[in-house]
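For what it's worth, numbering that gives the first Met the number 0 labels the leading residue of the sequence shown as 0, then goes sequentially. Glycine included, C-beta positions come from ideal geometry on N, C-alpha and C. Structure first, then comments.
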Amino acid sequence: MEIAEVAAGTFWVTRRPPVFRDGPFGEEEGRAAVATVEDRVRQGLPPRSVVSVTGLPLTEAVRDARERGVLDRIDMFDRITPNGVAWDDGRSVDADVIVWATGFRAAVGHLTPLKLREPGGGIRLDGTQVVRDARVHLVGYGPSASTIGANRAGRAAVRAVKRLLDGAGHPAPVPVPA
C-alpha cells in the first residue's frame, strides 16, 4: 500500500479474492484459527493458509487504501511479458516492477518419494510429526505456517526429535499401500 504513494500506478493481483476481517483478533481468535488449520492436517487434507482462516485485518490504513482504489483486486495474470503481465483474454499491463509476495503456501513436492500424502491430498500430522513416518517433522506446514506458529512448532519439533533420539531406537516408517 505504501508504494502506491510514490509509484505512478499500482495493480493488486491475487490468486483468489481476499477476505477481510473487521473486528478484534485476540488470543482466542488466534487459537481458533490455528485449530481450524490443524484439524485439516489431522484429517490428511491439504492445509489452508492461516490468512485464509483469519482474514486480512481491516485496519484504518487498509480502509483508506480500499477507498483510494489501491486495493482493487485483479485476477492473477496468466503470464509475465517483457513489458509487464498479460491475461489470456487479451488484457495486459505494463509494469516496471513486480512485487511477488507469495505468502505461506505448503510446497512439499520434494517429499513425494517418501509417500507421505493421504488419500485426501494432504499430509496427516500429529503436532509437527508426520503420521506415516514418525522420523519426519514438518515445521511451517498447516497450523505452524505463521510466524508465531512456526516458532512454537519449531520448539515442539526439537523436543520430539530429542525424545526420539534419546529413546530405544528409531521408529519404523508406517507402511504405505502401493
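Asked                                                                                                   : Found
Contact between the stretch 129-142 and the stretch 34-48 (3+ Cβ pairs under 8 angstroms)               : yes
Check whether glycine 115 and arginine 134 have beta carbons under 7 angstroms apart                    : Position check: residue 115 holds leucine in this sequence, whereas glycine was assumed. No, the pair does not count as a contact, with Cβ atoms beyond the cut-off.
Beta-bridge partners of aspartate 132, as assigned by DSSP                                              : Val129
Cβ contact check for the stretch 35-44 and the stretch 118-129: 3 or more pairs under 8 angstroms       : yes
For alanine 155 and arginine 15, the rounded distance between their alpha carbons                       : 32 angstroms
Selected residue, minimal CA-CA separation from valine 12, among Val69, Leu110, Ala152                  : Val69
Backbone secondary structure at valine 69 - three-state DSSP                                            : coil
Short Cβ contact (7 angstroms threshold) for valine 52 with threonine 35                                : yes
Where leucine 115 sits in the DSSP three-state scheme                                                   : coil
Supposed contact pair alanine 106 and histidine 136 - C-beta distance, whole angstroms, cut 8 angstroms : No, histidine 136 and alanine 106 are not in contact; Cβ-Cβ is about 16 angstroms, not under 8 angstroms.
Simplified DSSP state of aspartate 93, which is helix, strand or coil                                   : strand
Residue range of the unbroken alpha helix (DSSP H) whose run includes valine 36                         : 26-41
Beta-bridge partners of leucine 124, as assigned by DSSP                                                : Val129
Buried versus exposed, by CB contacts within 10 Å (16 or more), arginine 123                            : buried
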